[in-house]
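Undergrad: Taken in order, the sequence shown gives residues 1280 to 1527; the numbers are from my numbering.
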Amino acid sequence: EHQTEGSLGQRGGQQKGQSWLLRIAEGLGGQQKGQICWANPSYFFILGVLLCQFNLDAAGAKCWAAGVRKTLEECGFAYVWHSPLSSTFNSPQIISSFHQRLKDIYLQTFVSEMRNNNKLRTYRLLKNTYHEEEYLNIPNIQHRTAITKLRISSHKLHIEKGRHNHIPLQERICQYCELDEIEDEYHFVANCTLYRTERESLYAYVKDNFHSFSFLDEREKFTFLMKLDKQCIISFTCSYIHNCLKKR
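1) Report yes if the CB atom of VAL1468 is closer than 8 angstroms to the CB atom of ILE1512, and no otherwise.
2) Rounded to whole angstroms, what's the CA-CA distance from CYS1453 to GLU1464? Just pull it up for me.
3) Among ARG1498, LYS1526, ALA1340, THR1424, whose alpha-carbon lies nearest the alpha-carbon of THR1472?
4) To the nearest angstrom, how far is the alpha carbon of GLN1311 from that of PHE1501?
5) Near ASP1508, what residues of its chain come up, given a Cβ to Cβ distance below 8 angstroms and the 5 sequence neighbours on each side ignored?
6) Would the segment 1393–1401 count as touching the segment 1431–1438 if we require 3 or more Cβ pairs under 8 angstroms?
7) With a Cβ-Cβ cutoff of 8 angstroms, do LEU1436 and GLU1411 count as a contact?
8) Have a look at ASN1444 and LYS1428 and give me their C-alpha separation to the nearest angstrom.
9) Tell me, please, whether the CB atom of TYR1465 is closer than 8 angstroms to any CB atom in chain D?
10) Between the beta-carbon of CYS1517 and the beta-carbon of GLU1477, is there less than 8 angstroms?
11) Within its chain, find whatever has a CB closer than 8 angstroms to the CB of LEU1300; leave out the 5 residues flanking it on each side and keep chain order.
12) At what residues does the alpha helix (DSSP H) containing ALA1425 begin and finish?
13) To which residues does DSSP link ILE1452 through a beta bridge?
14) Under the rule that 16 or more other beta-carbon atoms within 10 Å means buried, what is ASP1336, buried or exposed?
15) Could you tell me the alpha carbon to alpha carbon distance between ASN1407 and PHE1323, rounded to whole angstroms?
16) Can you give the Cα-Cα distance for PRO1418 and LYS1341, rounded to whole angstroms?
17) According to DSSP, is THR1414 part of a helix, a strand, or is it coil?
18) Just to check my reading of the structure: GLU1352 and TRP1360 have Cβ atoms closer than 8 angstroms, yes? What is that Cβ distance to the nearest angstrom?
19) Using the C-alpha atoms, what's the distance from GLN1372 back to ARG1423?
20) Spatial neighbours of HIS1521 within its chain, please: CB distance less than 7 angstroms, with the 5 preceding and 5 following residues excluded, ordered by chain position.
21) Measure the Cβ-Cβ separation of GLU1460 and ASN1470 and say whether it is below 8 angstroms.
22) Short of 7 angstroms in beta carbon distance, which residues of its chain neighbour PHE1503, apart from the five on each side in sequence? Order them along the chain.
23) Give a yes or no on whether the C-beta atoms belonging to TYR1402 and PHE1389 are separated by under 8 angstroms.
24) Reducing DSSP to helix, strand and coil, say where ARG1527 ends up.
25) Return the chain-ordered ranges of every alpha helix (DSSP H) run that is complete within the segment 1466–1500 and spans a minimum of 4 residues.
26) Relative to the C-alpha of SER1375, which residue among GLN1510, LEU1386, PHE1356 is closest?
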């Protein structure tokens, strides 16, 4: 009952699974179309496995081939599956387009999940583009770990501990100072008096390198520091975060 055009079908008198098998076999070892080295025993083993996969997909079972077909269809490349003998199948343009489509879908999912996940409230402020962060290259793994956990809200500040313990948001107050503020990432970095000495040292260093830092309000200073897009202050900021977390 699952012998649809996408899972079985025919082209030139061959079932679609058989057509795919020929295309894959031709690709093994860089063979040209129609030049399969049948004397190589590994071909028969691989083709046997693939044939089993295509038959499972045709029968409606969950398998690797079904996953490939579904991915192609969801990305708008169903014709590649339905017409495996097409001369455009192995063209660099098709492969490049499919690769770009996968990247676009991933980025759309990434942005959507980031916007809809309340746990990533701080991360949303800091991550404007999808790229590898510069701070991941600093040599001190403890500093990298500390800043990463703070940016993605995977830490032990009361904003997160309270969430796990089902404490109302407004009651997740910092226990380390008298400001009576919610202990979130902003409070930890910019306001908590427990780290006043460390913060003054950090701010003095940043001001020496970026004079405009003095004219930012506290929220802007927090974002400026936590974005970590200024090479000369990355190590100093990461060290500050690490030392403050140790002081708790």
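Each residue gets a CB set at the ideal place from its N, CA and C atoms; glycine is no exception.
All figures in this text were calculated on a predicted structure; none of them were measured in a lab.
TA: According to the data block:
1) No; because the gap between Cβ atoms is not below 8 angstroms, this pair is not in contact.
2) Cα to Cα, CYS1453 sits roughly 11 angstroms from GLU1464.
3) Restricting attention to ARG1498, LYS1526, ALA1340, THR1424, the CA atom closest to the CA of THR1472 is found in LYS1526.
4) Residue placement at GLN1311 is poorly supported in this model, since its pLDDT is 49, which falls under 50; the coordinates still yield a value, given next. Distance between the alpha carbons of GLN1311 and PHE1501 is about 59 angstroms.
5) Same-chain partners within the cutoff: GLU1413.
6) Segments in contact, yes.
7) At least 8 angstroms separates the beta-carbon of LEU1436 from that of GLU1411.
8) Distance between the alpha carbons of ASN1444 and LYS1428: 19 angstroms.
9) Any reference to chain D falls outside this structure, which holds one protein chain only.
10) Cβ atoms of CYS1517 and GLU1477: not closer than 8 angstroms.
11) Note that LEU1300 scores 48 on pLDDT, short of 50, meaning its location in the model is unreliable; the coordinates nonetheless yield the value given after this. Apart from sequence neighbours up to five positions away, the residues of its chain that approach LEU1300 with a beta-carbon distance below 8 angstroms are LEU1326, LEU1329, LEU1330, PHE1333, ordered along the chain.
12) Element bounds for ALA1425: 1420–1430.
13) Residue pairing by DSSP places ILE1452 opposite ILE1461 in a beta bridge.
14) That one is buried.
15) Annotation: ASN1407 to PHE1323 spans about 50 angstroms, alpha carbon to alpha carbon.
16) Spanning the alpha carbons of PRO1418 and LYS1341 requires a straight line of approximately 44 angstroms.
17) The sequence as given places Tyr at residue 1414; Thr does not occur at that position. Assignment of TYR1414 by DSSP, reduced to helix, strand and coil, places it in the helix class.
18) By a beta-carbon distance limit of 8 angstroms, GLU1352 contacts TRP1360. Their separation comes to about 7 angstroms.
19) The straight-line gap separating the alpha-carbon atoms of ARG1423 and GLN1372 is approximately 39 angstroms.
20) Excluding sequence neighbours, HIS1521 sits near GLN1421, HIS1422, ALA1425.
21) Yes, the pair counts as a contact, with Cβ atoms nearer than the cut-off.
22) Here the set comprises PHE1492, LEU1495.
23) Taking 8 angstroms as the Cβ cut-off, TYR1402 and PHE1389 do not qualify as a contacting pair.
24) Looking at ARG1527 - three-state DSSP - the assignment turns out to be coil, as it is neither helix nor strand.
25) Entirely contained in the segment 1466–1500, the alpha helix (DSSP H) runs reaching 4 residues are, in chain order, 1475–1488.
26) Taking only the C-alpha atoms, the option nearest SER1375 is PHE1356.
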